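Q: Chains as they are written, first to last, in the working numbering: chain A, 65 to 555; chain B, 10 to 772.
Positions of the beta carbon are idealized from the N, C-alpha and C atoms, including for glycine.
None of the values given here were measured: they were computed from a predicted structure.
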Amino acid sequence: MSFSRHAFISYAHIDNQPLLDASDGWVTTFHRALGQLLSPKLGCVADIWRDERLTGNDIFSDEILQQFPSTAVLVSVLSPRYVKSDWCEKEIIGFCEAAERTGGVAVGNKSRIFKVIKTPIDAGEEVPPVLRDMLGYAFYETDEDHVPRELDPAFGDAARQEFLRKVNKLAWDMKTLLDELMDEEAAPQAETQTKPAVYLAECARDRRVARELIEQELERLGYLVLPAHPLPTDEAELVAEVEKLIAQCSLSVHLVGTGYGAVPDGAGEKSVVVLQNEIAVEASRKRALKRVISLPAGTESAQAAQQAFIDALHTDPSAQFAADLITGSLEDVKSAILAALKSIESAQKGETSEAAPKRVYVICDAQDRKATVPLLKALKARSIDVRTPVFTGDPAQVREANQELLANCDAAIIFYAAADEAWKFQQHNEVQRVRAGRTGKAPLHELTYLAAPMTDDKDLLLSMGEAGVIDATGGFSEEALAPLFQALGVS
Amino acid sequence: MNPFPGLRPFLEEEAYLFFGREQQVGAMLAKLARTHFLTVVGTSGCGKSSLVNCGLLPALHRGEMKGARAKWRVAHFRPGNDPIGGMARALAAEDVLYSNAPPGVFSLEEIVESTLRMSRLGLLDVWEQAHRGPDENLLVVVDQFEELFRFHSIGTADGPRAYELGDEATAFVNLLLEVRSHPTIPIYVVLTMRSDFLGDTAQLAGLPEAINEGQYLVPRMTREERKRAIEMPVGEVGASMSPVLLTRLVNDVGDNADQLSILQHALNRTWAQWEKDGRNGALDLPQYQAIGTMALALDRHAEKAYGELTTDRDREICAKLFKALTDKATDSRGIRRPTTVATLCALTGAPVADLERVMAVFRKPSRSFLMPPAGEELRPQTVVDISHESLMRVWERLRSWSDDEAQSALMYRRLAETARLHAADKADLWRGRDLEGALLWREAVHPTQLWAERYAPGFEAAMAFLDKGVAAREAEVAERVAAERRTAEAEQEKVQTRRKYRRALIGLAVVLVAVMAVGLELFLIGRANAKEAEAARREQAATKQQEAAAAQQAKATAAIASAKESQKEANALQSSVKKQIVETGELYAGAREAVRQYSIVPARSLDRPEVAHRFDALTRVTALAQSTPRAERSGITVEYFFKPTDTADLGAALTELGFEVDRKEARNPNVTNAIWYGSEVPEESVKLVAYALIRAGYDLVGIQPQSDPKVKPKVIQVGHTGRLAEEPFTAETIAATPLADLRRVEAPEGKAVFRGVEEPAGN
């Protein structure tokens, strides 16, 4: 699909009233900033337009409607005044109708409508359905008394940076969507699909900025971050929803601070923070969900319920179950999350090879390579994926490659021929170490293949009659390999 | 033009003057190509920055790195205390990634920084969003990477994490490290770092691995290379150097890489001297010696600049400025500390104009001891820095400044830490030498919040802690003085009690003896003419009675002896009391000395007059004895009536003061309390005797002239009077009043206060 215009900004006239006569209104500033940040990401000048609404009345122009079919994205600037205005309804409905004719409002799991919340809407207010079920971009901050204040670059350095950060994030998300939308050839990014989803639990107000920073980094790195929609406010519905979402994720992240967090309606009277943790603990017990909890050192809460939760996290094994509790700074938390994801991803890689042919790694010394040939042939004949060590190259790289081979095989055969006893002993140790570090994967089988020449050590091994020792000191024979095939389940 | 840069590193455009390290570039290129992440490590002053600027960069531009694209965009910065901001400024600088960027709501720098902060892919995102051509690379040069370990989160956090590297440093390093995971993206990172900070890199996850992969340790220069580095630039600009000087320089610089920057400075100065001398012939030894050789050139040069400061105020600003720019406290290795003009103004208390005037003498192009160089405007956000650490080691004055500063910071940190522990009830208030030292420090340094924050948090708490210590000490001194006084008073009371007891005892004994003697006599006379017959028997009885009387008399004598004994005891007690009074005076003197030395506001209780005026008298005796001729006193006789109750015998003291002393033993038990003086006695002598009496612990109530001028004109009498008001003189009153006015009206003869006044002869 091709669009001639990137985005349309829908807003209420009153939200663009300048504070000072000479200055720009909030929407004008937002519009310019979005253009400034989106253009370099797209590599061209971003075409973002809006109705100037110079008259300030609610007369809706049909010209706008005519432009919608060629507009890729609608940015809706939400405020109490906006949801009451005619523009809001007409522009959103108009855009949705046009979108249905141009591929639909949804692209994959994303929407072509971006909700920018300038001023939060009271719970009772009517919000267009398409916006209701959307998290949106909060361009306001709430102070300790829960009074919202909009972010405006004119309100000092901190507000300016925060405003910039949010516009930048919005621009990035728009760019990702536009890429998918504009370039039909491009398949959805392969990377995104294989990357695991992360459940980034809702948190209390005091950790919200930290949560946003983690979210933006994870999304930038290509992970799907859930929940993508607002959680229900009814306890039973919320529990069901969170359970459903966590089931899609391989990792859950919980940010705990001084605030207890919102308490949904219901009998439990537990906060959303506590509920999500409980559900995640349950998921960890059932299917080994990995978890990361961030609880900055020295966090204390004036709220008794929250303090009890904090104490439980520090001391109660069931609250902390299967979680890595990080007391350090934000960067420590990010590092822990990324480390957890890395191990999940490498485990997933291992899983996908389950259906693939069995892999056997034959460990031999360089001088014995020729002697392994009959063994290798026999294995290959059974369509086993046979690997032998790497011998040449940079020592560090050689070592890394061989460890990788060992880590990803189903069975390791120590080919004990001309090499000495110390060689055999250390190879055996190495296999054991790798086996110990192998959790969540199929077991690693280890066999020792004794080939000529005969030595005292081999003689001893044979006379011990231990399992896993294959006697080929008298030459190669298929029968001797039976225990291996049995273990691998190949005939 | 001078071909030697002096203290600052060689700039890229000076590559044609950079000699001696040509062989080292190849290895650096190979490592950078392989890992995309090169760390150039070496000691301070070994030329790391110059090697990158004039070795590596020109080679890259010449296309000597295999496998890389043809063109290079270079972002060059120092991390300072805002590494991500620094990187953003470098990337957003004109013609690095962007040219003629259109204006918008946000500056390019802000947008780049926001993108860098978005995720660890920030640097890659910035590169991608710049949409540079397919034939371009980006080289990010982080010069003096060790600054990251120096400018971490001091003062931003409390508690145990206060001195750990913050999120900022971690996020910054993650941005750089990410480059290694994307070898297909043409971004390369070069760090320069002092080798003594290598261990610190382990604080950042992933960084040691990256450094291990691509580390280049700057080798020392061989003798041949050193020769080239000295000789070639001279030839390059069409001059020459005498072989003698060349040999001397090569030997002076030795094998110490640390000396290379000092060598560069000496060369720069030698060249300047040669130009001053009229550019005659080759550069030669005389010019090198004229500038003080390598050993002294830098110190002299800096001193010369310092000497150009004309006022004390400028010199003071200068000291504060350099103290702010160097840091030996955080790290005894001694590091520079780039600081913004705004902060320097606050720290030195000088407006920008004054700061600029002081800095100007160090910024001259021929000197460039301070960065930025002359000509660049100083804005509040401009970062000022000394151009090279070697200045800290070689310039003696700066060395002593930074040592002072380190001491000062150490004191503050110790204080702040103790204050913190004290607040947690884990440490006591400071006292004794700790407290005195801290007070002296505060007096001398006048520390401010801003200054203190550079070293440790908790300035206000530390100052409050110190004040609390002072208050506690004052209370303690006052309490001690009060306690001494109480003891003295108690002792005096004891003496009075004993004295009353003694008087009663003596009276009793006298009456007893008299009664017995009279009784015996009457008895003997009355009965003498009685019956003869009974005479013998009575005589016998009389003898018996006589014996009994004798025994009683003996008892009475013993009683008198015992009374005398207790008198002696009383004397001893009194002398101990007086001794204590003197000691109290000395204690007071000690306290006063402390007050003077440490400028403590004195406790009011220390000014108690009863202690003070005795001490005052001592001072005045000494002063007056010295200020008046001794000969004046040699003709004056002091008749001194030493009383049985007097404890301090002034005889020896008066002799020592130069008087003729006529010492007499007085019989009456009244204390010494008055002097009389003859008509020819000089005023000073009278006052001298008066002071001596007061100092010895006597309460002087009368200083009277002899009523007849002809009587004993050259005599001062010391005795007791009961006819004068009992309000003692203070030494201060005596000093301030003419002698004649000191005379007091005497009570009429009959109204004497005490019975048995011993009037001196002729009075």
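Flag K522/A as yes when its Cβ comes closer than 7 Å to any non-hydrogen atom of the ligand ATP, and as no otherwise.
A: What this structure holds is no ligand at all, so the ligand ATP is not there to describe.
Q: Determine, for I196/B, whether the minimum Cβ-Cβ distance to residues of chain A falls below 8 Å.
A: In the second sequence, counting from the first residue as 1, residue 196/B sits at position 187. For I196/B, the answer is no, since every Cβ of chain A falls outside 8 Å of its Cβ.
Q: Using a C-beta cutoff of 8 Å, does S108/B count as contacting chain A?
A: The sequence position of residue 108/B within the second sequence is 99, counting from 1. No - not a single Cβ of chain A is within 8 Å of the one on S108/B.
Q: Under the rule that 16 or more other beta-carbon atoms within 10 Å means buried, what is N819/B, buried or exposed?
A: Residue 819/B lies beyond the residue range present for chain B, which begins at 10 and ends at 772; the question has no answer from this structure.
Q: Taking 8 Å as the threshold (C-beta atoms), are N466/A and V454/A in contact?
A: For the purposes of this step, residue 454/A is identified with residue 390 of the first sequence, where counting begins at 1. For the purposes of this step, residue 466/A is identified with residue 402 of the first sequence, where counting begins at 1. Yes. Within cutoff.
Q: Are at least three pairs of beta-carbons, each pair with one atom in the region 298 to 311 of chain B and one in the region 398 to 411 of chain B, less than 8 Å apart?
A: yes
Q: Look up E665/B in the DSSP assignment and give the residues it is bridged to.
A: For the purposes of this step, residue 665/B is identified with residue 656 of the second sequence, where counting begins at 1. In the DSSP output, where bridge partners are listed per residue, E665/B has none listed.
Q: Looking only at C-alpha atoms, which of R497/A, V273/A, E164/A sits nearest to E468/A?
A: Along the first sequence, read from residue 1 onward, the residue named residue 468/A stands at position 404. Nearest C-alpha to E468/A: R497/A.
Q: On a Cα-Cα basis, can you pick out the residue from L69/B, L364/B, W136/B, N90/B that is closest to L100/B?
A: Stepping through the second sequence from its first residue, residue 100/B is reached at position 91. L100/B has its Cα closest to that of W136/B, out of L69/B, L364/B, W136/B, N90/B.
Q: Helix, strand or coil: how does DSSP classify R629/B here?
A: Along the second sequence, one-based indexing puts residue 629/B at 620. In this structure, R629/B counts as helix in the three-state DSSP scheme.
Q: Please identify the residue among R511/B, F154/B, S409/B, A550/B whose C-alpha is closest to the C-alpha of S204/B.
A: Translated into the one-based positions of the second sequence, residue 204/B becomes position 195. Ranking R511/B, F154/B, S409/B, A550/B by Cα distance to S204/B puts F154/B first.
Q: Report the rounded CA-to-CA distance for D412/B versus K337/B, giving the unit in angstroms.
A: For the purposes of this step, residue 412/B is taken as residue 403 along the second sequence, with counting starting at 1. For the purposes of this step, residue 337/B is taken as residue 328 along the second sequence, with counting starting at 1. D412/B and K337/B: Cα-Cα distance of roughly 7 Å.
Q: Is the CB of P217/A under 8 Å away from at least one CB in chain B?
A: For the purposes of this step, residue 217/A is taken as the residue at position 153 of the first sequence. Cβ-Cβ to chain B under 8 Å: yes for P217/A.
Q: When you compare the region 484 to 498 of chain A with the region 390 to 404 of chain A, are there three or more beta-carbon pairs, one atom per stretch, that lie closer than 8 Å?
A: no
Q: Under three-state DSSP, which class holds L185/B?
A: Sequence index remark: in the second sequence, residue 185/B carries index 176 (1-based). In the structure shown, L185/B sits in a helix (DSSP, three-state: H, G or I).
Q: According to DSSP, which residues form a beta bridge with T348/B?
A: Here the question's residue 348/B lines up with position 339 in the second sequence. Answer is V393/B, bridged to T348/B.
Q: Please classify M202/B: does DSSP put it in a helix, a strand, or coil?
A: Taking the first residue of the second sequence as position 1, residue 202/B is located at position 193. If DSSP states are grouped into helix, strand and coil, M202/B belongs with the strands.
Q: Identify every run of the alpha helix (DSSP H) within the region 103 to 173 of chain A, keeping only runs that are complete inside it and at least 4 residues long; order them along the chain.
A: List check, alpha helix (DSSP H) in window: 126 to 131, 144 to 148, 150 to 165.
Q: Verify the CB distance criterion: does A97/A have a CB-CB separation below 8 Å to chain B?
A: Counting from 1 along the first sequence, the entry for residue 97/A is found at position 33. Chain B, which has a Cβ nearer than 8 Å to the Cβ of A97/A, makes this yes.
Q: Just the Cα atoms here: how many angstroms apart are S162/B and V227/B?
A: Your numbering for residue 162/B matches position 153 in the second sequence. Your numbering for residue 227/B matches position 218 in the second sequence. For S162/B, the pLDDT reaches just 40, beneath the cut-off of 50, and the residue's location in the model is therefore unreliable, although a value from the coordinates is still provided. In a straight line, the C-alpha of S162/B is about 30 Å away from that of V227/B.
Q: Which bits of chain A does T124/B rub up against, with CB to CB less than 7 Å?
A: The residue given as residue 124/B occupies position 115 in the second sequence. Going along chain A in sequence order, the residues near T124/B (Cβ under 7 Å) are N232.
Q: Hey, does E244/A have any beta-carbon neighbour from chain B nearer than 8 Å?
A: On the first sequence, position 180 is the one that residue 244/A refers to. Chain B, which has no Cβ nearer than 8 Å to the Cβ of E244/A, makes this no.
Q: According to the neighbour-count rule (16 or more other Cβ atoms, all chains shown, within 10 Å of its Cβ), is P360/B buried or exposed?
A: Within the second sequence, numbered from 1, the residue matching residue 360/B stands at position 351. With fewer than 16 other Cβ atoms within 10 Å, it is exposed.
Q: Taking DSSP's pairing of strands, which residues face D449/A in a bridge?
A: By one-based count along the first sequence, residue 449/A stands at place 385. Answer is R423/A.
Q: Look at the alpha carbon of D340/B and the alpha carbon of A415/B, and state the distance between them as a whole number of angstroms.
A: As a position in the second sequence, residue 340/B is number 331, starting the count at 1. As a position in the second sequence, residue 415/B is number 406, starting the count at 1. Cα to Cα, D340/B sits roughly 9 Å from A415/B.
Q: Consult DSSP for D557/A and reduce its assignment to one of helix, strand or coil.
A: Past the edges of chain A, shown from 65 to 555, lies residue 557/A, and the structure says nothing about it.
Q: Looking at the C-beta of G287/B, does it have a partner C-beta in chain A at a distance below 8 Å?
A: Indexing the second sequence from 1 puts residue 287/B at position 278. No, no contact with chain A.
Q: Helix, strand or coil for S74/A, going by three-state DSSP, please let me know.
A: Position 10 of the first sequence, counted from the start, is the residue given in the question as residue 74/A. The answer is strand: DSSP assigns S74/A an E or B state.
Q: Relative to the C-alpha of R284/A, which candidate in D126/A, K398/A, R272/A, S335/A has its C-alpha closest?
A: The count along the first sequence starts at 1 and reaches residue 284/A at position 220. Minimum Cα distance to R284/A is reached at K398/A.
Q: Just the C-alpha distance for D535/A and F479/A, rounded to the nearest angstrom, thanks.
A: One-based indexing of the first sequence puts residue 535/A at position 471. One-based indexing of the first sequence puts residue 479/A at position 415. Those two C-alpha atoms are separated by around 11 Å.
Q: Out of P653/B, S636/B, E665/B, point me to the one whose CA is closest to T646/B's CA.
A: Within the second sequence, the letter at position 637 stands for residue 646/B. Nearest to T646/B by alpha-carbon distance, out of P653/B, S636/B, E665/B, is E665/B.
Q: Return the Cβ separation of C267/A and V337/A in integer angstroms, given the expectation that the two are a contact with Cβ distance under 8 Å.
A: Indexing the first sequence from 1 puts residue 267/A at position 203. Indexing the first sequence from 1 puts residue 337/A at position 273. Between V337/A and C267/A the Cβ distance is about 6 Å, and since that is below 8 Å, they are a contact.
Q: For G532/A and L548/A, what's the separation of their Cα atoms in angstroms?
A: Counting from 1 along the first sequence, the entry for residue 532/A is found at position 468. Counting from 1 along the first sequence, the entry for residue 548/A is found at position 484. Between G532/A and L548/A, the C-alpha separation is close to 8 Å.
Q: Check whether the Cβ atoms of L439/A and Y513/A sit closer than 8 Å, and answer yes or no.
A: Residue numbering aside, residue 439/A sits at position 375 when the first sequence is read from its first letter. Residue numbering aside, residue 513/A sits at position 449 when the first sequence is read from its first letter. It is a contact, given that the beta carbons lie within the stated cut-off.
Q: Counting only beta-carbon separations shorter than 8 Å, does H70/A have a partner in chain B?
A: As a working note, residue 70/A is residue 6 in the first sequence. Not an interface residue.
Q: Under 8 Å, do D323/B and R372/B count as touching if we go by C-beta distance?
A: Within the second sequence, the letter at position 314 stands for residue 323/B. Within the second sequence, the letter at position 363 stands for residue 372/B. No. Outside cutoff.
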